[in-house]
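Worksheet for the structure shown next.
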Amino acid sequence: MSADGADFAAFQDQPITQLLVKVATRCNIDCSYCYWFRDASVYSKPKLMSPDVQQQLLQRIEQHVLRYALVDFPIILHGGEPLLWGVENFHRFAEACEDISSRTGCEIPIAVTTNGVLIDDDWLACFEAHNISVAISLDGPAHIHDTHRKTFQGTGTHAAVERAARMLVSREIGVIALAVCNPAYAPQQYADFFAACGISNYDIMIPDATVDEQPPSIAAFYKGLFDVWLDANRAAPTINIRIISDMITALLDNNSPTEGVGHKPVELCTIMTDGTVEAHDVLRIAGDGFTNTSFNIFDHAIDAVRNEPRWKAARDASINLCAKCRQCKFMNACGGGYLPHRFSKANGYDNPSVYCDDLYAMFENMQFVLENHLYVSKPDGSRVNVRDTLAGAMPVNARHSISE
25 MSADGADFAA
35 FQDQPITQLL
45 VKVATRCNID
55 CSYCYWFRDA
65 SVYSKPKLMS
75 PDVQQQLLQR
85 IEQHVLRYAL
95 VDFPIILHGG
105 EPLLWGVENF
115 HRFAEACEDI
125 SSRTGCEIPI
135 AVTTNGVLID
145 DDWLACFEAH
155 NISVAISLDG
165 PAHIHDTHRK
175 TFQGTGTHAA
185 VERAARMLVS
195 REIGVIALAV
205 CNPAYAPQQY
215 ADFFAACGIS
225 NYDIMIPDAT
235 VDEQPPSIAA
245 FYKGLFDVWL
255 DANRAAPTIN
265 IRIISDMITA
275 LLDNNSPTEG
285 VGHKPVELCT
295 IMTDGTVEAH
305 DVLRIAGDGF
315 TNTSFNIFDH
325 AIDAVRNEPR
335 WKAARDASIN
345 LCAKCRQCKF
355 MNACGGGYLP
365 HRFSKANGYD
375 NPSVYCDDLY
385 AMFENMQFVL
395 ENHLYVSKPD
405 GSRVNVRDTL
415 AGAMPVNARH
425 SISE
């Protein structure tokens, strides 16, 4: 077998390592920037996942775990707004996953991404009972959040979401706040708000846009956000800003845990409410039906999606970068940026990110600061300047400190 053939065979025999499960296709609020409803085909899908689809999905999960002898298989429950599926469905699904874990020895951690509006004591009890971690969409203070995240009647949702976030924090449920960057505002406003809520783990995500659009520049915002991170963590780590942590991790030649940073394959598999298996759902920003496939969990195993042309095209594009990216000094750290941000109708994924200039400026600024002000404490107690580690990997158990 040729080297290419061997590589293909190895690719075909690799497990899917994470599932995004769409348990609801509708939402209870009307966010102006939501990628999900840019694709009108979502309205053709069932509003909620049925018991039959849920049962078939659980069978496929167990088959997949056993086939590949997985020890860890994370599942993200998503929407639309996933809490519309109902708390009893969450209990049943989580209990079934716990049973699979008991039979197979595979951990199946469950997370949910929610707008938070429906969270009450019953939901908190469910999250606690099944150790479900929560990502709550909260765009910082009210004057920023309510610009885009409104009800269908046009009123802001901030008060309800802040209440939910504070409830999660008070119950010590694992929570990360997910904000979308609005470069018209200072990053310190986000940081001050999250600190007041007791939230020390958050992300400020790059707004979704394709190459065919002209989003505003974000470089100055993220340079300022890096300064916020530096100031907060100067004496000791006190906050985690996911995008900053991921960029630092990638610059230090380690694998970033999230898909938007670093040069690595994107292998997320999406299960729809009707059991169809799709490519990455954020690719819906490319237009109607762009992620649709003929694959489904009734006729196909989970890993069969590797044979699906659209899924494979997205996966291949995540590692096969355009010419400009391949010549960039930040190729490995950046990885071309988030895959949906590289799409155009003319060239598909064969483009630099629509945020290419911003990403370059962000990485360049971060590298300069790290090389001159950040030290790594090694396991033996010695310290080395980050400039001496950028060519290699930071030890897994190393800690950082920031010099004055």
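Note that this note's numbering gives residue 231 to position 207 of the sequence shown, counting from 1, and the numbers run on in steps of one.
C-beta atoms are modelled at their ideal positions from N, C-alpha and C, and glycine is treated no differently.
- The criterion of a C-beta distance shorter than 9 Å is satisfied by D227 and L202.
- Annotated as distal: A357 and A303, with beta-carbon spacing of 9 Å or more.
- Positions of the beta strand (DSSP E) runs, each at least 3 residues long and wholly inside the segment 340-397, cannot be given because no such run exists.
- Under the DSSP assignment, I168 falls in the alpha helix (DSSP H) whose first and last residues are 166-172.
- CA-to-CA, the gap between I200 and D381 works out to about 28 Å.
- Its Cα nearest to that of R366, the residue S342 stands out among D270, S342, Y384, F354.
- H324 sits in coil when the DSSP states are folded into three classes, being neither helix nor strand.
- A residue is called buried once 16 or more other Cβ atoms fall within 10 Å of its Cβ, and Y67, having fewer, is exposed.
- Uninterrupted beta strand (DSSP E) stretches at least 3 residues long and entirely within the segment 244-300 occur at 293-295, given in chain order.
- DSSP links Y226 through a beta bridge to A201, I265.
- Collapsing the DSSP output to three states places D123 in a helix.
- By the Cβ test, the segment 40-52 is in contact with the segment 95-108, since at least three Cβ pairs between them sit closer than 8 Å.
- For I100, the enclosing beta strand (DSSP E) covers residues 99-102.
- For the pair D76 and G299, the Cα-to-Cα distance works out to about 9 Å.
- Distance from the CA atom of F319 to the CA atom of E291, rounded to whole angstroms, is 16 Å.
- Its chain contains C221, G222 as the residues whose beta carbon lies nearer than 8 Å to that of R190, once the 5 sequence neighbours on both sides are disregarded; these appear in chain order.
- Here the segment 246-266 makes contact with the segment 208-216; the two share three or more CB pairs at distances below 8 Å.
- Taking all protein chains in view, the Cβ of R266 is crowded by 16 or more other Cβ atoms within 10 Å, so the residue is classified as buried.
- A contact between stretches requires three or more CB pairs, one per stretch, nearer than 8 Å, and the segment 114-134 fails this requirement with the segment 166-176.
- Counted as a single uninterrupted DSSP element, the stretch harbouring I156 is not any beta strand (DSSP E), since DSSP gives it neither H nor E.
- Cα atoms of P376 and A385: separation of roughly 14 Å, rounded to the nearest angstrom.
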